[in-house]
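Okay, structure first, notes after.
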Amino acid sequence: MTEASKTMSPTRTDSLITQAKDVLLQNYKQQPIVLAKGEGSFVWDAEGRKYLDLIAGIATCALGHCNPDVIAAAKKQLDTLWHVSNVFYSEPQIQLAARLTKASGLPGARAFFCNSGAEANEALIKLARRYQHEVKGNKERSDIITFEGGFHGRTLATVTATAQPKYQVGFEPLPQGFVYCAYGDIDLVKAKVNARTAAILVEPIQGEGGVRPAPAGYLKALRELCTKEGILLLIDEVQTGIGRTGKPFAFQHDGIVPDAFSLAKSLGNGLPIGAMICSDEVGKALPSASHGSTFGGNLVACAAAIATWDLATTPAMLEEIAAKGEFFRGKLLELQKKRPERIKDIRGKGMLWGIEVDTGAADVLARCRQNGLIANLAGEKTIRFAPSYLISRDQLVEGLAIFDASL
1 MTEASKTMSP TRTDSLITQA KDVLLQNYKQ QPIVLAKGEG SFVWDAEGRK
51 YLDLIAGIAT CALGHCNPDV IAAAKKQLDT LWHVSNVFYS EPQIQLAARL
101 TKASGLPGAR AFFCNSGAEA NEALIKLARR YQHEVKGNKE RSDIITFEGG
151 FHGRTLATVT ATAQPKYQVG FEPLPQGFVY CAYGDIDLVK AKVNARTAAI
201 LVEPIQGEGG VRPAPAGYLK ALRELCTKEG ILLLIDEVQT GIGRTGKPFA
251 FQHDGIVPDA FSLAKSLGNG LPIGAMICSD EVGKALPSAS HGSTFGGNLV
301 ACAAAIATWD LATTPAMLEE IAAKGEFFRG KLLELQKKRP ERIKDIRGKG
351 MLWGIEVDTG AADVLARCRQ NGLIANLAGE KTIRFAPSYL ISRDQLVEGL
401 AIFDASL
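Following this note's numbering from start to finish, the sequence shown increments by one per residue and tops out at 407.
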């Protein structure tokens, strides 16, 4: 074989991607690399090329790839018991629920476990309607107010709750009972509330919508409105929960207590687990046999989640997340000052940031990857960074240097 023919021969990546196109449903727009290994804030592809990972499984691997403490907890549980179903009690599930409910601040808090953020949000929707219908006796209260630019999942109910038509096209007829409102203006929300309203579902920071934090005082105003009107405040913490913003839950920055909220992503540091936390009063809406999940609260996932929680939510870790977030913000502002024609806005908190560019965000993302940096898009013009909480300041600076070159 000649040197030229060797050069032209398919790589392992080429072969795997070709196979993927033959066997996988083509419902994702995947970047053209095959990731094969991860450690901390770095990943390697099938060719052995190293990348700095500033997206961490889309805000999922909070403690980095292959965190040794999470691995140890999962392996210990694997050697003990994997799965028993929710027909029985299990200690990891109970221990995890105790941690989450205690930290939530909800009165008499209760936990329900599932496998994903969509399922956790689906549980919120079912909880709110059944609470109004069966506990409060308000049969007419079924509508859930959600917000333009939000994202709540891919099930039929949660994709309908997601007030973005691009995710809904072709899946009609969609479930009824969702009312959309612009994000950030409390007066617009008040105008939407009526006798049919059961709850308001909101993200503290809209992740998929371009990393857009709620305006100051907005969540508090929603809490006051819900209390006044006798409707539930539901908060989607799927992307922001478990320390990502420098608090265990992002709603805690506003000093409020919702009626229920959802978790997933960072909860298991990459293992699939979701949770819904609600107050004891609201939890009366879901008695025995009213809702469930076969794999919800899987023992291995719960063991990993306990280890993740115990590391990610210590006071020292939360302080470090907040401090590194401000450090990162400062460096982003420096870069914006250098490239004002390209960087139009910087939004975020803690370890969740969106950088809105003037044009060609997908091209910038491709050049980042070619230069050894992994991130992703959140909307058409926003590059999203959601790195591990354990990433170093030097690595953040390295990442922004690559981003700068890629602009």
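Cβ atoms here follow ideal geometry from the backbone N, Cα and C, with glycine treated the same way.
These numbers come from a predicted model, not from an experiment.
In angstroms with no decimal places, state the Cα-to-Cα distance between isoleucine 71 and phenylalanine 251.
What you label residue 71 is simply residue 71 of the sequence shown in a count that begins at 1. What you label residue 251 is simply residue 251 of the sequence shown in a count that begins at 1. Approximately 29 Å between the Cα atoms of the pair.
Looking at the strands, I want to know which residues DSSP matches up with phenylalanine 42.
Walking along the sequence shown from the start, residue 42 turns up at place 42. Looking at the DSSP assignment, phenylalanine 42 forms a beta bridge with Glu39 and Leu52.
Rounded to the nearest angstrom, what separates glycine 330 and lysine 126 at their Cα positions?
To locate residue 330, count along the sequence shown from 1; it is residue 330. To locate residue 126, count along the sequence shown from 1; it is residue 126. So the two alpha carbons sit approximately 42 Å from each other.
On the three-state DSSP scale, how would you describe isoleucine 346?
As a position in the sequence shown, residue 346 is number 346, starting the count at 1. In this structure, isoleucine 346 counts as strand in the three-state DSSP scheme.
I need the boundaries of the alpha helix (DSSP H) containing arginine 154, first residue and last residue.
Here residue 154 is taken as the residue at index 154 of the sequence shown, counted from 1. Counting along the chain, arginine 154 falls outside any alpha helix (DSSP H), and DSSP gives it neither H nor E.
Count the other CB atoms, across all protein chains shown, that sit within 10 Å of the CB of glutamate 356; report buried if there are 16 or more and exposed otherwise.
Stepping through the sequence shown from its first residue, residue 356 is reached at position 356. With 16 or more other Cβ atoms within 10 Å, it is buried.
Starting from glycine 105, follow the beta strand (DSSP E) in both directions and report where the run begins and ends.
The count along the sequence shown starts at 1 and reaches residue 105 at position 105. Segment: none, glycine 105 is in no beta strand (DSSP E) and carries neither H nor E.
Taking 7 Å as the limit between beta carbons, can you name the residues of its chain near lysine 75, skipping five residues before and five after?
Your numbering for residue 75 matches position 75 in the sequence shown. Nothing meets the Cβ criterion.
Less than 6 Å between C-beta atoms, sequence neighbours within five positions excluded: which residues of the same chain meet that for cysteine 114?
On the sequence shown, position 114 is the one that residue 114 refers to. So the qualifying residues of the chain are Ala120, Gly274, Ser293 and Gly296.
Below 8 Å between beta carbons: does that hold for arginine 244 and alanine 362?
For the purposes of this step, residue 244 is taken as residue 244 along the sequence shown, with counting starting at 1. For the purposes of this step, residue 362 is taken as residue 362 along the sequence shown, with counting starting at 1. Not closer than 8 Å, so no.
One question on the structure: do histidine 411 and glycine 105 come within less than 8 Å of each other, judged by their Cβ atoms?
Examination of residue 411 is not possible in this model, given that the chain is present from 1 through 407 alone.
Pull the bridge partners of histidine 65 from the DSSP assignment, please.
To locate residue 65, count along the sequence shown from 1; it is residue 65. Gly40.
With DSSP collapsed to three states, give me the class of alanine 312.
The sequence position of residue 312 within the sequence shown is 312, counting from 1. DSSP places alanine 312 in the helix class (H, G or I) of the three-state scheme.
Report the rounded CA-to-CA distance for glutamate 140 versus lysine 192, giving the unit in angstroms.
Working through the sequence shown from its first residue, we reach residue 140 at position 140. Working through the sequence shown from its first residue, we reach residue 192 at position 192. Distance between the alpha carbons of glutamate 140 and lysine 192: 15 Å.
Starting from aspartate 236, trace the beta strand (DSSP E) both ways and give me its first and last residue.
As a working note, residue 236 is residue 236 in the sequence shown. Counting along the chain, the beta strand (DSSP E) containing aspartate 236 begins and ends at 232-236.
Restricting to Cα atoms, I'd like to know which of Ala118, Pro173 and Val23 is closest to threonine 155.
As a position in the sequence shown, residue 155 is number 155, starting the count at 1. Of Ala118, Pro173 and Val23, the residue nearest in Cα terms is Ala118.
On the CB-based measure, 16 or more other CB atoms within 10 Å of its CB, does glutamate 208 come out buried or exposed?
For the purposes of this step, residue 208 is taken as the residue at position 208 of the sequence shown. With 16 or more Cβ atoms within 10 Å of its Cβ, glutamate 208 is classed as buried.
Is it the case that the segment 163-173 contacts the segment 211-224, given that we only count it when at least three CB pairs across the two stretches are under 8 Å?
Cβ pair count under 8 Å is below three, so no.
Please state whether DSSP places threonine 382 in a helix, a strand or coil.
Here residue 382 refers to the residue found at position 382 of the sequence shown. Correct three-state label for threonine 382: strand.
Work out the CA separation of isoleucine 58 and alanine 4 for me, nearest whole Å.
In the sequence shown, counting from the first residue as 1, residue 4 sits at position 4. In the sequence shown, counting from the first residue as 1, residue 58 sits at position 58. Interpretation of alanine 4 is limited by its pLDDT of 39, a score under 50 that renders its predicted location unreliable; the figure taken from the coordinates is listed afterwards. The alpha-carbon atoms of alanine 4 and isoleucine 58 are separated by roughly 39 Å.
Assess, as a yes-or-no matter, whether the segment 75-84 is touched by the segment 258-277 under the definition of 3 or more beta carbon pairs within less than 8 Å.
Segment contact: the segment 258-277 against the segment 75-84, fewer than three CB-CB distances shorter than 8 Å; contact not assigned.
How would you write the range of the beta strand (DSSP E) that valine 211 sits in, first residue to last?
The residue you call residue 211 lines up with position 211 of the sequence shown. Where valine 211 is concerned, there is no enclosing beta strand (DSSP E), given that its DSSP letter is neither H nor E.
Mapping the DSSP letters down to three states, classify phenylalanine 171 as helix, strand or coil.
Start at 1 with the first residue of the sequence shown, and residue 171 comes out as number 171. If DSSP states are grouped into helix, strand and coil, phenylalanine 171 belongs with coil.
Counting along the chain, where does the beta strand (DSSP E) carrying leucine 263 start and finish?
Taking the sequence shown and counting its residues from 1, the one referred to as residue 263 is at position 263. Per DSSP, leucine 263 belongs to the beta strand (DSSP E) from 260-263.
From what residue to what residue does the alpha helix (DSSP H) around glutamate 224 run?
Here residue 224 is taken as the residue at index 224 of the sequence shown, counted from 1. Where glutamate 224 is concerned, the enclosing alpha helix (DSSP H) stretches over 218-229.
Taking only beta-carbon positions, decide if tryptophan 309 is within less than 8 Å of chain D.
Note that chain D does not occur in the displayed structure, where there is just one protein chain.
Measure how close the beta-carbons of alanine 199 and isoleucine 231 come, nearest whole angstrom, since I'm counting them as under 8 Å.
The residue labelled residue 199 in the question sits at position 199 within the sequence shown. The residue labelled residue 231 in the question sits at position 231 within the sequence shown. Alanine 199 to isoleucine 231, Cβ: 5 Å. Contact.
Once DSSP output is grouped into helix, strand and coil, what is the label at valine 84?
On the sequence shown, position 84 is the one that residue 84 refers to. Of the three classes helix, strand and coil, the one that applies to valine 84 here is coil, per DSSP.
Hey, which unbroken runs of the alpha helix (DSSP H) at 4 residues or more fall wholly within the segment 293-339?
299-312 and 315-338
Determine which residues share a DSSP beta bridge with serine 199 and list them.
For the purposes of this step, residue 199 is taken as the residue at position 199 of the sequence shown. Note on identity: in this sequence residue 199 is alanine, with serine being the wrong assignment. DSSP output for alanine 199 lists Ile144 and Leu232 as bridge partner(s).
Using 8 Å as the threshold, is the C-beta distance between glutamine 93 and cysteine 278 below it?
Here residue 93 refers to the residue found at position 93 of the sequence shown. Here residue 278 refers to the residue found at position 278 of the sequence shown. No, these two residues do not count as a Cβ contact at 8 Å.
State the Cα-Cα distance for the pair lysine 324 and arginine 196, rounded to the nearest angstrom.
As a first step, residue 324 is located in the sequence shown; it is residue number 324 there, counting from the start. As a first step, residue 196 is located in the sequence shown; it is residue number 196 there, counting from the start. Taking the straight line from one Cα to the other gives about 44 Å.
Apart from the five residues on each side of it in sequence, which residues of its chain come closer than 6 Å, Cβ to Cβ, to glutamate 203?
Position 203 of the sequence shown holds residue 203. Here the set comprises Gly150 and Asp236.
Roughly how many angstroms lie between the CA atoms of isoleucine 242 and serine 266, to the nearest whole one?
On the sequence shown, position 242 is the one that residue 242 refers to. On the sequence shown, position 266 is the one that residue 266 refers to. Approximately 6 Å, taken between the alpha carbons.
Tell me which same chain residues have a C-beta within less than 6 Å of the C-beta of threonine 2, skipping the five on either side of it?
Numbered from its first residue, the sequence shown carries residue 2 at position 2. Confidence in threonine 2 is poor, its pLDDT being 41 and thus under 50, which makes the residue's placement unreliable; the coordinate value appears in the next sentence. Around threonine 2: no qualifying Cβ.
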